[in-house]
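*Asks:* The structure follows.
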Amino acid sequence: MTRAGDHFVPLDGRVELAQQHGASLFISMHADALHSPQVRGASVYTHSHGASDSQTADLAKTENSADRYGGPMVHSASPEVQQILASLVTEETRKGSAHMAQAVVSAFNSRVLLLPHPHRHAAFAVLKSAQIPSVLVEMGFMSNRMDEAALRQAGHRAMVAGAMRDAVNRYFASAGVGLAG
516 MTRAGDHFVP LDGRVELAQQ HGASLFISMH ADALHSPQVR GASVYTHSHG
566 ASDSQTADLA KTENSADRYG GPMVHSASPE VQQILASLVT EETRKGSAHM
616 AQAVVSAFNS RVLLLPHPHR HAAFAVLKSA QIPSVLVEMG FMSNRMDEAA
666 LRQAGHRAMV AGAMRDAVNR YFASAGVGLA G
């Protein structure tokens, strides 16, 4: 957890905290607003240099205020070796992120209304860690009256939390990593 209370942590600070604590997975949960009040439903995003659609591009543009995460550096290695290592780590992280996104979509599928094509891609700042599989989960849009009403209900939030728990458990079980507790 990057925070336990309701206070602002800059985007780059969230990723740095995850890296400092040796996180195996980074999940950023959101309930944002769009210009169009008709857009309704949950979705999950993984990193991409481009956006999967114009709504996603607008959402990423609104969310982002930092752009500074690259790959791991091995200072004693040649630049070519550093580039190869960074590429390998980035590819494994991308695969892990996609795997977690599918776990979220699967867990939400029967419980939470999803946008069409719910696994989307964009250059969100919080998804740029080359070392930690990362997803941004959009739980719904405060700009849509029905999404907003659902998000204000404790039962709906509990359903979202339960689906997220199931997705995380599925991710770690299939990755062969156990959870403490």
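In terms of our numbering, the sequence shown opens at residue 516 and continues consecutively. Just so you know, even glycine gets a beta-carbon here, dropped at the ideal spot from N, CA and C.
(1) For Ala629, I'd like the list of residues in its chain whose CB is within less than 8 Å of its CB, leaving aside the five on either flank, ordered along the chain.
(2) I'd like to check one pair, Val652 with Met544: are the Cβ atoms closer than 8 Å?
(3) Is His671 helix, strand or coil by DSSP?
(4) Residues in its own chain within less than 6 Å of Ala618 by CB, not counting five upstream and five downstream?
(5) Taking the alpha-carbon of Ser625 as reference, which of Val524, Gly677, Ser551, Ala538 has the nearest alpha-carbon?
(6) Where does Asp521 fall in DSSP's three states?
(7) Which residue from Glu606, His536, Arg660 puts its Cα closest to that of Lys643?
(8) I need the DSSP call for His634, collapsed to helix, strand or coil.
(9) With DSSP as the reference, please indicate the residues paired to Ile542 in a beta bridge.
(10) Straight-line CA distance for Gly520 to Gln553?
(11) Hey, could you find the ends of the alpha helix (DSSP H) Val530 is sitting in?
(12) Which class does Val683 belong to by DSSP, given the choice of helix, strand or coil?
(13) Cα-Cα, which of Pro525, Ala546, Val530 is closest to Ile647?
(14) Excluding five sequence neighbours on each side, which residues of the same chain lie with their C-beta closer than 7 Å to the C-beta of Ala616?
(15) Assuming Ser551 contacts Ala637 (C-beta within less than 8 Å), just tell me the rounded distance between them.
(16) Return the Cβ separation of Ala548 and Met657 in integer angstroms, given the expectation that the two are a contact with Cβ distance under 8 Å.
(17) Name the DSSP beta bridge partners of Val559, please?
(18) Just to confirm, is the Cβ distance from Ala533 to Leu666 under 8 Å?
(19) With a cut-off of 8 Å on the beta carbons, I'd call Thr608 and Ala645 a contact; round off their distance for me.
*Replies:* Looking at the coordinates:
(1) One detail in the question is off: residue 629 reads as Leu in this sequence, not Ala. So the qualifying residues of the chain are Gly556, Ala557, Ser558, Val620, Phe623.
(2) yes
(3) helix
(4) Ala682, Arg685, Tyr686
(5) Comparing Cα-Cα distances from Ser625 to each of Val524, Gly677, Ser551, Ala538, the minimum goes to Gly677.
(6) coil
(7) Of the listed residues, the one whose Cα sits closest to Lys643 is Glu606.
(8) strand
(9) Val650
(10) 31 Å
(11) Looking at the DSSP string, the run of the alpha helix (DSSP H) that includes Val530 is 526–535.
(12) helix
(13) Val530
(14) Val559, Thr561, His634, Val650
(15) Rounded, the Cβ-Cβ distance is 17 Å, inconsistent with contact.
(16) 5 Å
(17) His634, Val652
(18) With a cutoff of 8 Å on beta-carbon distance, Ala533 and Leu666 are scored as not near each other.
(19) 6 Å
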